[in-house]
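Peer 1: Numbering (full-length UniProt numbering), first residue to last: 1 to 726. Here a beta-carbon is modelled for each residue, glycine too, at the ideal position from N, C-alpha and C. Quick caveat, the model's predicted, so the values are computed rather than measured.
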Amino acid sequence: MEALGIDRERVKQVLKDLLATYENNWELIAVDNYSVLADAIFEEKETEATREMEEKKKKPEEAECSAAEVDRGKKKVHELADEDEDSMAEAVPPLKRLRRGGEGGSALTLNQSTSPSLGSPSLNEPTTYDNDTVPILLPYHDAGAFIVPKDETLTVTDMSSSPNHPDSMERGNSSIPILEMEKTNGHVDKQDGETVSTVHGTTNDVPPPTTIQRFSDQNLAATQAESSALELASSASGEVKINLSFAPATGGSSLRLPSEEELRRAMEDKCLRSYKILDPNFSVVGFLNDICSCYMDLAIKANNSANQSPEKLPVLTTNVEALKISAARMDFASSSTNDHNVDGTDDRNGSAARMELMISDDHTRDDENSAAGDSMGLVVVPECQASADEYRSISNVSDITLGRETVEIPWVNEFNEKVPPSFFYITQSLVYKDAEVKFTVGDIRDDQCCSSCCGDCLALSMACSCATAANNGFAYAVGGLLQNDFLEDCISEARDPRKHVVQYCKECPIQKAKNEDVLENCKGHLKRKVIKECWIKCRCNQRCGNRVVQQGIHNKLQVFFTPNGKGWGLRTLEKLPKGAFVSEFAGEILTITEYCQRSKEKPTCPFVLDAHWGSEELSGDNKSLCLDGTQYGNISRFINHRCLDANLIDIPVHVENTDPHYYHLAFFTTREIDAMEELTWDYGVEFNDHVYPTTPFHCRCGSEFCRNIKKPITKSKKSKKRGMRE
Ligand SMILES: C[S@@+](CC[C@H](N)C(=O)[O-])C[C@H]1O[C@@H](n2cnc3c(N)ncnc32)[C@H](O)[C@@H]1O
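#1: Which residues are close to ligand 1, meaning CB closer than 5 Å to any heavy atom, in chain order?
#2: Could you check the C-alpha separation between A463 and H698 for me, to the nearest Å?
#3: Measuring only the C-alpha atoms, how far is T153 from V549?
#4: Looking only at its own chain, which residues have a Cβ that is under 8 Å from the Cβ of L648, when we skip the five neighbours before and after it?
#5: Kindly give me the distance between the Cβ atoms of R528 and A611, rounded to whole angstroms, as I take these residues to be in contact under 8 Å.
#6: Could you check what DSSP says for Y683 in three-state terms: helix, strand or coil?
#7: Excluding sequence positions up to five away, which residues of its chain have a Cβ less than 8 Å from the Cβ of V653?
#8: Just the C-alpha distance for R495 and L644, rounded to the nearest angstrom, thanks.
#9: Using DSSP bridges, identify the partner residues of E616.
#10: When the distance is taken between beta carbons, is K575 closer than 8 Å to E417?
#11: Could you check where the beta strand (DSSP E) with Q483 kicks off and where it finishes?
#12: If distances are taken between C-alpha atoms only, which option among L18, D621 and T47 comes closest to V36?
#13: Beta strand (DSSP E) containing M626: first to last residue?
#14: Rounded to whole angstroms, what is the Cα-Cα separation between V407 and L557?
#15: Please tell me whether T401 and I635 are closer than 8 Å, where the distance is taken between their beta carbons.
#16: When the Cα atoms are used, what is the spatial distance from E677 to R571?
#17: Under a three-way DSSP split, which group does P660 fall into?
#18: If you drop the 5 nearest sequence neighbours on each side, which residues of the same chain put their C-beta closer than 6 Å to that of W535?
#19: Assuming Q483 contacts A475 (C-beta within less than 8 Å), just tell me the rounded distance between them.
#20: Measuring CB to CB, does R539 end up less than 8 Å from C450?
#21: So C522 and C508 are in contact, right, with Cβ under 8 Å, and what is the actual spacing, rounded?
#22: Looking at the secondary structure, which residues open and close the beta strand (DSSP E) in which T588 lies?
#23: Taking 7 Å as the cut-off, does the CB of A513 come closer than this to any heavy atom belonging to ligand 2?
#24: Is the beta carbon of C626 sitting closer than 8 Å to the one on L590?
#25: Just to confirm the assignment, what range does the alpha helix (DSSP H) spanning D650 have?
#26: Does the separation of the CB atoms of P696 and W568 fall below 8 Å?
#27: Just to confirm my understanding: we take A30, look at its own chain, exclude 5 residues before and 5 after, and list those with CB closer than 7 Å. What are they?
#28: Return the Cβ separation of V502 and G524 in integer angstroms, given the expectation that the two are a contact with Cβ distance under 8 Å.
#29: With DSSP run on the structure shown, which of helix, strand or coil describes W26?
#30: Is the distance from the Cβ of S465 to the Cβ of A586 below 8 Å?
#31: So, with DSSP's three-state summary, where would you put Q448?
#32: So, are the CB atoms of Y683 and H641 less than 8 Å apart?
#33: Who does V502 pair with in a DSSP beta bridge?
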């Protein structure tokens with residue numbers, strides 16, 4: 001200690017305090033070459049110096065002197081430590097003792113930009129945070145992997161092999177392995193000795209084709225970690241990627257890599273000692289999580305800041321398989337003129353969330369065209385201009401339902417940078433305000449439930465009262481599929497005009513809601529076949545075969561961006577048999593009046609629950625209902641329309657009771673559907689009339705029965721038109 005200019009008395013005093021703090025555990029103090037002791041002394045000096053500076057403003061020179069002394073001392077400690085490191089060679093992992101706050105080489109810098117994109121700060125200009133804002137640079141001895149929450153992986157990448165990595169230049173031959181946390185599908189990449197030698201190895205002629213090599217080849221360091229000791233980037237799953245760099249060199253390939261557990265323990269131990277974190281609940285994983293969530297919060301705040309200058313916006317890098325785009329598709333994206341909004345307009349360039357594509361194999365910024373030819377490492381990089389909603393959508397990439405369904409439903413956009421619209425995912429429809437929908441046990445009549453059944457109603461020789469309440473028998477067959485006859489009846493009822501049974505209201509709620517001077521006549525409503533499922537007052541088993549829709553979605557589905565101008569759509573990832581339940585349409589339950597008011601403000605696409613209209617007297621305006629899945633909805637809000645021969649059919653399903661005003665609208669397959677086929681249903685819209693208050697769209701269903709096809713103008717009509725103009 002004398003070599004550092006610390007006098008014996010001070011050492012004694014501090015040592016005494018430390019022994020008291022560490023309960024006479026000398027080993028803890030001796031570890032790391034008494035660095036705890038050195039730190040404590042310098043901290044004390046620092047405190048003194050600061051106090052002196054504050055108190056003796058009259059003598060600023062004195063204070064400066066003390067501070068300088070501390071700095072000199074610190075420098076010396078690090079010089080000695082570095083010498084130690086050199087001399088320790090490979091046998092013992094070199095000491096790397098980093099203290100709170102930025103000091104010298106250990107100063108923590110956060111690269112705000114992770115991609116050299118337009119308007120982003122230069123990657124070579126790390127933002128250095130002061131001691132207050134940057135708490136800790138995590139010390140690290142060696143490469144390894146430990147599990148972080150949500151199945152993330154730590155992999156080792158070599159930032160130093162980048163020729164222009166500033167650290168590699170500053171530190172000579174030092175290797176600066178980077179720990180990279182990356183979301184994977186639940187597997188953990190452990191790094192082995194060979195991998196580490198790649199990390200260190202400019203000597204390896206043929207590096208193994210690992211993530212490591214890919215990243216180093218890509219010049220990742222040059223774009224992401226230059227002069228950075230710790231860098232963060234968001235992942236598309238809503239997690240944040242952390243790169244931790246440790247320097248200087250930690251040794252060669254002969255180093256024994258610690259296990260994840262060893263590493264975690266060592267880290268926690270070190271943090272507890274070095275940073276005097278006394279909370280017994282402290283954990284490194286928790287600490288990393290905190291970094292991630294702070295980063296995410298800051299990024300989102302930065303997004304929302306109206307005055308944010310584009311230069312200062314951080315760039316969030318997403319690196320999720322689902323967002324990787326194949327070269328062919330990229331090619332399409334760059335040349336496609338078919339990139340429309342739902343309403344058919346094209347706003348690629350005007351989009352608020354501009355995303356940029358980077359090619360991983362050459363981690364320099366590139367345009368979309370140059371992506372062609374590389375199908376492996378394309379990463380979509382949304383700039384931080386993305387709104388919070390858009391950002392949220394990006395983070396839902398693996399499950400747009402946010403875990404609310406029993407199956408995960410991912411989304412993917414293989415064509416452009418758009419993200420799904422923001423909405424609240426609900427699994428069951430909800431009353432918006434005035435809709436009169438109430439289910440009470442007391443209201444369930446005996447003929448609307450099967451109170452004497454047990455087990456599986458479908459196993460009975462006679463249909464139970466639930467089945468007969470709506471039909472002559474069960475709509476479902478054993479195994480959960482619809483009875484073929486029942487399904488065929490439903491299909492022809494919907495498709496074949498000869499089978500249409502149309503009912504007329506005395507006073508049609510739709511015409512009333514238009515609020516026009518003269519109340520128009522009802523245009524008619526299609527009578528529909530319905531299903532009645534067993535429910536709460538039935539004595540059968542919850543797994544009874546007459547309970548299908550209420551069990552919810554169970555197929556593998558995916559939301560995807562359609563290539564033909566319909567916006568987002570829904571497709572199945574697995575083959576579906578004919579008659580299978582897919583999903584129900586969940587949304588806000590609105591009265592027709594509420595809907596009409598709403599549609600004046602913004603375009604929506606509601607579905608009128610009019611299967612029984614005309615056959616019964618509507619006892620109040622609040623009982624004529626529709627469903628709107630635009631703001632609150634489930635996966636069905638993504639199902640696009642197809643005229644006539646859609647592969648789904650919507651069938652009214654009574655679950656809770658048989659009240660004709662409200663029912664569930666459930667989608668079943670009309671035929672066998674192949675994996676990756678888009679799911680569609682016929683909205684029932686007529687494109688040339690305005691009976692239903694649906695926002696019009698130009699139909700792109702592609703069906704040969706499309707009702708939106710402009711009829712060719714006949715000669716006589718042409719001349720008529722000409723005549724009109726003339
Ligand atoms: C219930 S949403 C379906 C999901 C929608 N595609 C999206 O991107 O959110 C209904 C809207 O999708 C679009 N759409 C659905 N089917 C379509 C079709 N066959 N042709 C063109 N646009 C369609 C229309 O804009 C319609 O208003």
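Peer 2: Quick answer:
#1: V342, K566, G567, W568, C605, F638, N640, H641, F697, C699, R700 and C701
#2: Position 463 of the sequence shown, counting from 1, holds the residue named residue 463. Position 698 of the sequence shown, counting from 1, holds the residue named residue 698. Spanning the two alpha carbons is a distance of roughly 45 Å.
#3: Residue 153 sits at position 153 when you count from the first residue of the sequence shown. Residue 549 sits at position 549 when you count from the first residue of the sequence shown. Note that T153 has pLDDT 32, beneath the 50 cutoff, so the model's placement of it is unreliable and the number below is only indicative. T153 and V549: Cα-Cα distance of roughly 38 Å.
#4: For the purposes of this step, residue 648 is taken as residue 648 along the sequence shown, with counting starting at 1. Excluding its 5 nearest sequence neighbours in each direction, L648 has C-beta neighbours in its own chain below 8 Å: V582, I639, F667, F668, T669, T670, L679, T680 and W681, listed in chain order.
#5: In the sequence shown, counting from the first residue as 1, residue 528 sits at position 528. In the sequence shown, counting from the first residue as 1, residue 611 sits at position 611. Correct: roughly 4 Å between the Cβ atoms.
#6: Taking the sequence shown and counting its residues from 1, one reaches residue 683 at position 683. It is coil, neither helix nor strand.
#7: For this step, residue 653 is matched to residue 653 along the sequence shown. Once the five neighbours on either side are set aside, the close Cβ partners of V653 are V530, I531, K532, E533, V549, E584, Y663, H664, L665 and A666.
#8: On the sequence shown, position 495 is the one that residue 495 refers to. On the sequence shown, position 644 is the one that residue 644 refers to. In a straight line, the C-alpha of R495 is about 6 Å away from that of L644.
#9: As a first step, residue 616 must be located in the sequence shown, where it is residue number 616. Paired residues: W613.
#10: One-based indexing of the sequence shown puts residue 417 at position 417. One-based indexing of the sequence shown puts residue 575 at position 575. Contact flag unset, no.
#11: Position 483 of the sequence shown holds residue 483. Run containing Q483: none; DSSP gives neither H nor E here.
#12: The residue given as residue 36 occupies position 36 in the sequence shown. Between V36 and the set L18, D621 and T47, the nearest pair of CA atoms involves L18.
#13: Along the sequence shown, read from residue 1 onward, the residue named residue 626 stands at position 626. The residue you asked about is not Met; residue 626 is Cys in the sequence shown. C626 -> beta strand (DSSP E) spans L625 to G633.
#14: Taking the first residue of the sequence shown as position 1, residue 407 is located at position 407. Taking the first residue of the sequence shown as position 1, residue 557 is located at position 557. Those two C-alpha atoms are separated by around 9 Å.
#15: One-based indexing of the sequence shown puts residue 401 at position 401. One-based indexing of the sequence shown puts residue 635 at position 635. Yes, they are a contact pair.
#16: On the sequence shown, residue 677 is found 677 positions in, with the first residue counted as 1. On the sequence shown, residue 571 is found 571 positions in, with the first residue counted as 1. Their Cα atoms are separated by approximately 6 Å.
#17: For the purposes of this step, residue 660 is taken as the residue at position 660 of the sequence shown. Coil at P660, not helix or strand.
#18: Numbered from its first residue, the sequence shown carries residue 535 at position 535. Here the set comprises V655 and E656.
#19: To locate residue 483, count along the sequence shown from 1; it is residue 483. To locate residue 475, count along the sequence shown from 1; it is residue 475. Right, the Cβ-Cβ distance comes to about 6 Å (below 8 Å), so this counts as a contact.
#20: Here residue 539 refers to the residue found at position 539 when the sequence shown is read from its first residue. Here residue 450 refers to the residue found at position 450 when the sequence shown is read from its first residue. A contact, by the Cβ cut-off of 8 Å.
#21: Sequence index remark: in the sequence shown, residue 522 carries index 522 (1-based). Sequence index remark: in the sequence shown, residue 508 carries index 508 (1-based). At roughly 3 Å, the Cβ-Cβ gap stays under 8 Å, so C522 and C508 are in contact.
#22: Translated into the one-based positions of the sequence shown, residue 588 becomes position 588. One point to set straight first is that residue 588 is Glu, not Thr, in the sequence displayed. For E588, the enclosing beta strand (DSSP E) starts and ends at G587 to T591.
#23: Because ligand 2 does not appear in the structure shown, any question about it cannot be addressed here, the ligands present being ligand 1.
#24: Locating residue 626 in the sequence shown gives position 626, counting from the first residue. Locating residue 590 in the sequence shown gives position 590, counting from the first residue. L590 sits close to C626, with the two beta carbons spaced by under 8 Å.
#25: Position 650 of the sequence shown, counted from the first residue, corresponds to residue 650. Not the alpha helix (DSSP H): D650 falls in the beta strand (DSSP E), residues L648 to H654.
#26: Taking the sequence shown and counting its residues from 1, the one referred to as residue 696 is at position 696. Taking the sequence shown and counting its residues from 1, the one referred to as residue 568 is at position 568. No; because the gap between Cβ atoms is not below 8 Å, this pair is not in contact.
#27: Here residue 30 refers to the residue found at position 30 of the sequence shown. So no residue of the chain qualifies.
#28: On the sequence shown, residue 502 is found 502 positions in, with the first residue counted as 1. On the sequence shown, residue 524 is found 524 positions in, with the first residue counted as 1. Confirmed, about 4 Å.
#29: Locating residue 26 in the sequence shown gives position 26, where the first residue counts as 1. Here W26 sits in helix by DSSP.
#30: Position 465 of the sequence shown holds residue 465. Position 586 of the sequence shown holds residue 586. In this structure, A586 does not lie closer than 8 Å to S465 by Cβ.
#31: To locate residue 448, count along the sequence shown from 1; it is residue 448. Residue state, collapsed to three classes: helix.
#32: As a first step, residue 683 must be located in the sequence shown, where it is residue number 683. As a first step, residue 641 must be located in the sequence shown, where it is residue number 641. Yes, the pair counts as a contact, with Cβ atoms nearer than the cut-off.
#33: Numbered from 1 along the sequence shown, position 502 holds the residue referred to as residue 502. Partner(s): L526.
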